[in-house]
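Step one of this worksheet: look at the structure below.
Numbering (this note's numbering), first residue to last: 224 to 547.
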């Protein structure tokens with residue numbers, strides 16, 4: 224009588240080639256899933272895209288090319304800001320490619336989760352620990368918010384009366400009280416939750432480390448500031464292309480304020496929320512509704528729809544090459 228060990232079939236071992244083929248299949252499936260996720264909103268909003276393309280067909284192509292150049296520059300500025308937020312030297316070509324892919328992923332997932340996930344994975348693939356990578360992304364986001372707020376303050380001083388506080392029952396005291404209550408609530412949450420305190424302390428420590436090296440501080444703040452400026456220049460160039468009767472400084476101010484307000488709504492890339500808020504702001508300032516809608520659609524075409532599929536292809540390539 225033979226033993227069970229003798230009669231048992233030998234276990235099949237996977238060869239390195241089979242393992243690599245399985246990983247390649249999973250990465251390809253992931254890339255195709257991301258492309259399918261991008262095709263759904265494009266198909267849903269196809270009438271809007273077609274209408275915007277027809278309206279922009281008779282626009283000034285020189286200004287549209289200037290807006291496209293500014294849109295390309297936003298990815299370089301995002302890469303510069305991320306390099307300033309980390310202590311390690313990152314590979315420049317893959318860094319810019321990751322920002323291009325992150326901008327596309329940001330238009331698929333809500334509230335900036337796509338860009339954050341891509342950047343987090345990229346930094347971890349570059350050898351940074353998960354905690355350090357997450358802190359670097361938080362530092363970059365903080366610098367971007369501060370730079371955007373500073374630009375809004377400067378442009379609002381140059382264009383008084385453009386940003387009007389909405390009327391509310393009780394007037395200014397009611398608005399001031401609501402603002403104070405909101406600040407108190409945020410501070411209370413941060414102080415009461417240990418994880419929030421630790422995360423805030425980590426971000427503050429990394430910000431101090433950034434400013435200990437001037438070249439990192441210049442890259443972080445310069446990239447963050449230029450990123451916001453170039454996005455405003457994209458809309459300004461499109462506005463000039465469609466003859467929007469609003470000055471470029473006002474257009475930039477309205478864009479920065481509208482994009483900051485739309486960021487509070489968790490939609491992919493501000494899709495829908497930014498479009499509505501920005502079109503309403505331009506119309507309320509005196510622009511014709513059709514021209515304002517054409518300017519917003521042109522901005523979306525240059526910053527979202529045209530780079531979307533190439534960006535997702537780059538994302539798939541980075542995944543296949545294990546850069547993400």
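Just so it is clear, CB atoms sit at the ideal spot from N, CA and C, and this is done for glycine as well.
- Taking the C-beta atoms as reference points, residue 326 is found nearer than 8 Å to residue 530.
- For the set 501, 485, 435 and 437, the Cα lying nearest the Cα of residue 459 is the one of 501.
- Check the Cα spacing between residue 472 and each of 523, 384, 496 and 444: the tightest is with 384.
- Its chain contains 366 and 370 as the residues whose beta carbon lies nearer than 7 Å to that of residue 444, once the 5 sequence neighbours on both sides are disregarded; these appear in chain order.
- Distance from the CA of residue 434 to the CA of residue 317, rounded to the nearest whole angstrom, comes to 25 Å.
- Taken atom to atom, the span from the alpha-carbon of residue 303 to that of residue 439 is near 9 Å.
- Residue 536: member of the alpha helix (DSSP H) spanning 529-543, first to last residue.
- Distance check between residue 455 and each of 313, 505, 477 and 338 places 477 closest, using alpha-carbon atoms only.
- One alpha carbon belongs to residue 331, the other to residue 386, and they sit about 30 Å apart.
- Judged by DSSP in its simplified three-state form, residue 350 adopts coil rather than helix or strand.
- When C-alpha distances from residue 282 are compared across 452, 522 and 545, the shortest belongs to 522.
- Buried is the label assigned to residue 463, since at least 16 other Cβ atoms lie within 10 Å of its Cβ.
- With contacts defined by Cβ atoms closer than 8 Å, residue 497 and residue 480 do not form a contacting pair.
- Sorting 305, 286 and 324 by C-alpha distance to the C-alpha of residue 539 places 324 at the top.
- In chain order, 512 and 515 place their CB closer than 8 Å to the CB of residue 506, counting only its own chain and leaving out the 5 sequence neighbours on each side.
- Scanning 446, 306, 378 and 450 for the CA closest to the CA of residue 343 turns up 306.
- The DSSP-derived three-state label of residue 384 is coil.
- The alpha-carbon of residue 322 is positioned some 21 Å away from that of residue 430.
- In this structure, the straight-line span from the alpha carbon of residue 520 to that of residue 346 is close to 33 Å.
- With respect to residue 453, residue 358 sits apart: the two C-beta atoms are not nearer than 8 Å.
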